[in-house]
Amino acid sequence: VTIVEDREVRCDVLKAGASDFLNRPLDVAESQARLRNLLRLREQQRQLRERADWLEEQVRRATERIAERERETLLRLARAGEYRDEETGNHILRMARYSRLIAEAMGEHPDFCDELEQAAPMHDIGKIGIPDRVLLKPGRLTETEFDIMKEHARIGHEILSGSPSSYLQLGAEIALNHHERYDGTGYPQGLTGEEIPLAARIVAVADVFDALTSRRPYKEPWSLERAFDYLRQARGTHFDPACVDAFLACEERVREIAERYRDPDDVRAPLHELMQRADEKEMAVPATDKTDENQDEQQQRD
7 VTIVEDREVR
17 CDVLKAGASD
27 FLNRPLDVAE
37 SQARLRNLLR
47 LREQQRQLRE
57 RADWLEEQVR
67 RATERIAERE
77 RETLLRLARA
87 GEYRDEETGN
97 HILRMARYSR
107 LIAEAMGEHP
117 DFCDELEQAA
127 PMHDIGKIGI
137 PDRVLLKPGR
147 LTETEFDIMK
157 EHARIGHEIL
167 SGSPSSYLQL
177 GAEIALNHHE
187 RYDGTGYPQG
197 LTGEEIPLAA
207 RIVAVADVFD
217 ALTSRRPYKE
227 PWSLERAFDY
237 LRQARGTHFD
247 PACVDAFLAC
257 EERVREIAER
267 YRDPDDVRAP
277 LHELMQRADE
287 KEMAVPATDK
297 TDENQDEQQQ
307 RD
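Just so it is clear: in the sequence shown, position 198 is 204 by our numbering, and no numbers are missing.
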């Protein structure tokens, strides 16, 4: 506020940020009117700020609702693929949390960790395109059947690719590459080392670990200790050493996740069992541990 009459000074004052100025001699009525206008302007600015803050909050909430619906849709999509296979119970929940655990332990960005947790359950969505005679076959697959089974990686990629959703884009990358092996002996492209996308290298560890420690119609679950030992043995061949080390460094949290999302004791795969009973009506499911002889079969399927 200035009360000088010099034009240049008044211009400089306005340029400096003054909202108004007073001239000499002071006029009380004019001064009161100017003050009222300034107060009204300040109140309008306050209301605009409050309105902007309210709108920002509404946008944030709407965005959260959209993201939550997208995550829910992705989870349902993952479950759709799971119901066609022998994987039941909380497998996709555990492996998703294992995947996030590994990413966090490796120091990855929180946004990547969140997207990985949401995208990981879609790794086997391509199995919905595999014929039942192969997908639900009791026992070991033939070479031809295994070639058919391996196509689920490409099918999953085709289902998920082309979407603007970052979750689906990452899901497509995982679906295509989660069966690649660090030493180049995996499929479908035979990638080696860091040629394999990081998300797929992480999911490979999480998925296999949970598959080993889960009950299947053709095997009993491994103990966590035995599965940890397997990861150590396969470090640098099947799995990225950095991913294995990160996972093993979080052993206590792994145990917490395994216990929190533990499957019910009676979890089964109805479709698989129906298929097995149809082919082998008089064969009972053995009670003894057959994990050693079924490990290769599990590698075919998981």
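Each residue gets a CB set at the ideal place from its N, CA and C atoms; glycine is no exception.
- Message: Taking the straight line between their C-alpha atoms, what separation do you get for Glu78 and Asn43?
- Response: Residue 78 sits at position 72 when you count from the first residue of the sequence shown. Residue 43 sits at position 37 when you count from the first residue of the sequence shown. Using only the alpha carbons, I get a separation of about 52 Å.
- Ignore the nearest five residues each way along the sequence and tell me which others in Asn96's own chain have a CB closer than 7 Å to its CB. By 1-based counting over the sequence shown, the position of residue 96 is 90. Excluding sequence neighbours, Asn96 sits near Tyr267 and Asp269.
- Can you give the Cα-Cα distance for Val250 and Leu107, rounded to whole angstroms? For this step, residue 250 is matched to residue 244 along the sequence shown. For this step, residue 107 is matched to residue 101 along the sequence shown. Cα to Cα, the separation comes out at about 11 Å.
- For Tyr193 versus His184, is the C-beta distance shorter than 8 Å? Position 187 of the sequence shown, counted from the first residue, corresponds to residue 193. Position 178 of the sequence shown, counted from the first residue, corresponds to residue 184. Cβ distance not < 8 Å, so Tyr193 and His184 don't count as in contact.
- Which term fits Leu22, buried or exposed, when burial requires 16 or more other beta carbons within 10 angstroms of its beta carbon? Against the sequence shown, residue 22 aligns to sequence position 16. The amino acid occupying residue 22 in the given sequence is Ala; Leu does not appear at that position. Per the 10 Å Cβ criterion, exposed.
- Query: Span of the alpha helix (DSSP H) holding Phe152?
  - Reply: By 1-based counting over the sequence shown, the position of residue 152 is 146. Where Phe152 is concerned, the enclosing alpha helix (DSSP H) stretches over Glu149 to Lys156.
- From Tyr104, Lys225 and Ile131, pick the residue whose C-alpha is nearest to that of Cys256; which is it? In the sequence shown, residue 256 corresponds to position 250, counting from 1. With distances taken between Cα atoms, Cys256 lies closest to Tyr104.
- Reference Ala233; option with closest CA among Asp213, Gly242, Ala248 and Thr243: Taking the first residue of the sequence shown as 1, we reach residue 233 at position 227. With distances taken between Cα atoms, Ala233 lies closest to Asp213.
- Message: Quick check on the DSSP output: the alpha helix (DSSP H) that includes Arg106 runs from which residue to which?
- Response: Position 100 of the sequence shown, counted from the first residue, corresponds to residue 106. Segment His97 to Ala111, the alpha helix (DSSP H) holding Arg106.
- Task: Determine whether the Cβ of Pro137 lies closer than 8 Å to any Cβ atom of chain D.
- Result: The question asks about chain D, but that chain is absent: this structure has only one protein chain.
- Message: Please state the DSSP three-state secondary structure of Gln282.
- Response: Residue numbering aside, residue 282 sits at position 276 when the sequence shown is read from its first letter. Reliability fails at Gln282, whose pLDDT of 49 lies under 50, so the model's placement of it is uncertain and the value that follows must be treated cautiously. DSSP places Gln282 in helix when its eight states are reduced to three.
- Task: Check the C-beta distance from Ala111 over to Ala210 and give it rounded, since I have them as a contact under 8 Å.
- Result: Counting from 1 along the sequence shown, the entry for residue 111 is found at position 105. Counting from 1 along the sequence shown, the entry for residue 210 is found at position 204. That belief does not hold up - the Cβ atoms of Ala111 and Ala210 are roughly 16 Å apart, past 8 Å.
- Query: Given that a residue counts as buried once 16 or more other Cβ atoms are within 10 Å of its Cβ, and exposed if not, what is Asp246?
  - Reply: Within the sequence shown, residue 246 is the residue found at index 240, counting from 1. Buried, since its Cβ has 16 or more Cβ neighbours within 10 Å.
- If you compare alpha carbons, which of Gly168, Ala248, Ile134 and Gly135 is closest to Tyr188? Position 182 of the sequence shown, counted from the first residue, corresponds to residue 188. Closest by alpha carbon: Ala248.
- Grouping DSSP H, G and I as helix and E and B as strand, with all else coil, what is Lys225? Counted from its first residue, the sequence shown places residue 225 at position 219. Correct three-state label for Lys225: strand.
- Are there 16 or more other CB atoms within 10 angstroms of the CB of Gly132, so buried, or fewer, so exposed? By 1-based counting over the sequence shown, the position of residue 132 is 126. Buried is the call here.
- Task: May I ask you to report which of helix, strand or coil DSSP gives Arg241?
- Result: As a working mapping, residue 241 is identified with position 235 in the sequence shown. If DSSP states are grouped into helix, strand and coil, Arg241 belongs with the strands.
- Are Ala205 and Ile180 close, meaning C-beta to C-beta below 8 Å? Here residue 205 is taken as the residue at index 199 of the sequence shown, counted from 1. Here residue 180 is taken as the residue at index 174 of the sequence shown, counted from 1. Yes, these two residues count as a Cβ contact at 8 Å.
- Task: Pick helix, strand or coil for Leu142, following the three-state DSSP scheme.
- Result: Taking the first residue of the sequence shown as 1, we reach residue 142 at position 136. In this structure, Leu142 counts as coil in the three-state DSSP scheme.
- Would the beta-carbon of Gly177 fall within 8 Å of that of Met128? Here the question's residue 177 lines up with position 171 in the sequence shown. Here the question's residue 128 lines up with position 122 in the sequence shown. For Gly177 and Met128, yes; Cβs fall inside 8 Å.
- Message: Measuring alpha carbon to alpha carbon, tell me which residue in Thr243, Thr191, Arg146 and Leu174 is nearest Leu81.
- Response: Here residue 81 refers to the residue found at position 75 when the sequence shown is read from its first residue. It is Leu174.
- Query: What did DSSP end up calling Asp213 once you bin it into helix, strand or coil?
  - Reply: Taking the sequence shown and counting its residues from 1, one reaches residue 213 at position 207. Asp213: helix per DSSP, three-state reduction.
- Task: Would you tell me roughly how many angstroms separate the C-alpha atoms of Leu99 and Pro137, rounded to the nearest one?
- Result: In the sequence shown, the residue the question calls residue 99 occupies position 93. In the sequence shown, the residue the question calls residue 137 occupies position 131. Using only the alpha carbons, I get a separation of about 25 Å.
- Message: Could you compute how far the alpha carbon of Glu262 sits from the alpha carbon of Pro227?
- Response: In the sequence shown, the residue the question calls residue 262 occupies position 256. In the sequence shown, the residue the question calls residue 227 occupies position 221. Their backbone Cα atoms lie some 17 Å apart in a straight line.
- Euclidean distance between Cα positions of Ala73 and Ala102: Taking the first residue of the sequence shown as position 1, residue 73 is located at position 67. Taking the first residue of the sequence shown as position 1, residue 102 is located at position 96. C-alpha separation (whole angstroms): 17 Å.
- Query: Hey, how far is the Cα of Leu166 from the Cα of Leu141?
  - Reply: Here residue 166 is taken as the residue at index 160 of the sequence shown, counted from 1. Here residue 141 is taken as the residue at index 135 of the sequence shown, counted from 1. Approximately 20 Å between the Cα atoms of the pair.
- Query: Given a threshold of 16 other Cβ atoms within 10 Å of its Cβ, counted over all protein chains shown, does Gln51 qualify as buried or as exposed?
  - Reply: Within the sequence shown, residue 51 is the residue found at index 45, counting from 1. Burial call: exposed.
- Exposure label - Thr243; buried when at least 16 CB within 10 Å: The residue given as residue 243 occupies position 237 in the sequence shown. That one is exposed.
- Task: Classify Pro276 as helix, strand or coil using the three-state DSSP reduction.
- Result: Within the sequence shown, residue 276 is the residue found at index 270, counting from 1. In this prediction, Pro276 has a pLDDT of 47, which is less than 50 and means its spatial position is unreliable; what the coordinates show is noted afterwards. If DSSP states are grouped into helix, strand and coil, Pro276 belongs with the helices.
- Query: Going straight from the alpha carbon of Leu230 to that of Arg207, what length do you get?
  - Reply: Here the question's residue 230 lines up with position 224 in the sequence shown. Here the question's residue 207 lines up with position 201 in the sequence shown. Whole-angstrom Cα-Cα distance: 20 Å.
- Count the other C-beta atoms from every protein chain shown that fall within 10 angstroms of the C-beta of Gly168, then say buried if there are 16 or more, exposed otherwise. Start at 1 with the first residue of the sequence shown, and residue 168 comes out as number 162. Per the 10 Å Cβ criterion, exposed.
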